[in-house]
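**Student:** For the sequence shown, the positions run 2 to 128 when the working numbering is used.
C-beta atoms are modelled at their ideal positions from N, C-alpha and C, and glycine is treated no differently.
First the structure, which I've put down as structure tokens, then a few questions once you've had a look.
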Amino acid sequence: ANAGIFLSHSRQGFAREIGEWAQGTCEYGLWIATTHELLTVALQFLIVRQQLVNQQALNSKLDCSAIEAQLQRIQSSLDYIAKINTHLTYLQENTEGIRAKAKAMKVEILGALTSASQALNIVSGET
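Structure, rendered in structure tokens:
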């Protein structure tokens, strides 16, 4: 084999630097680390890469630069998806913090209303 896929169920299965997609080469060939969601993309990407390598040697009429440009578009889009997911994670973490603060404020409001009602009941009972 001259290619490999490292697969994880989710982004959390990889280091933060990898996220949902990373690729590289080693002495055995191209490798991709990705999640189940992008497995089909990874397989197709590796197939196209391998076909490009094979055809470059055999077919001088092949417009390799056009195909490389498409592969670069794919890589740029995957990088952009990674950035979007990073921002979404940040938003999600902050949203949870805001929800917790809102919940604490509701408890505070209920506590203040209870105290005010009790104070009014005490005064009503004295008169």
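Give the C-beta separation of Q51 and A4 to the nearest angstrom, bearing in mind that I take them to be a contact with Cβ-Cβ under 8 Å.
**Tutor:** Rounded, the Cβ-Cβ distance is 6 Å, consistent with contact.
**Student:** In the DSSP output, which residue or residues are listed as bridge partners for A23?
**Tutor:** DSSP, once it has assigned bridges, lists A34 as partnering A23.
**Student:** If you follow the beta strand (DSSP E) that S11 is part of, which residue opens it and which one closes it?
**Tutor:** First-last for S11: undefined, no H or E at that position.
**Student:** Are there 16 or more other CB atoms within 10 angstroms of the CB of I33, so buried, or fewer, so exposed?
**Tutor:** Classification of I33: buried, given that the 10 Å Cβ count is 16 or more.
**Student:** Grab the span of the alpha helix (DSSP H) containing Y81 for me, first residue to last.
**Tutor:** From DSSP, the alpha helix (DSSP H) with Y81 extends over C65 to E127.
**Student:** In the structure shown, what three-state DSSP assignment does A43 receive?
**Tutor:** It is helical.
**Student:** Quick check on A58: does DSSP put it in helix, strand or coil?
**Tutor:** Three-state result, A58: helix.
**Student:** Note down, in chain order, each residue of its chain lying with its Cβ closer than 7 Å to the Cβ of L53, except the 5 sequence neighbours on either side.
**Tutor:** So the qualifying residues of the chain are C65 and I68.
**Student:** Tell me, which residues are paired with L4 by DSSP?
**Tutor:** In the sequence as displayed, the identity of residue 4 is Ala instead of Leu. A4 is bridged to L31.
**Student:** Helix, strand or coil: which one does DSSP assign to E50?
**Tutor:** According to the sequence provided, residue 50 is Arg. The question's Glu does not apply to it. R50: helix per DSSP, three-state reduction.
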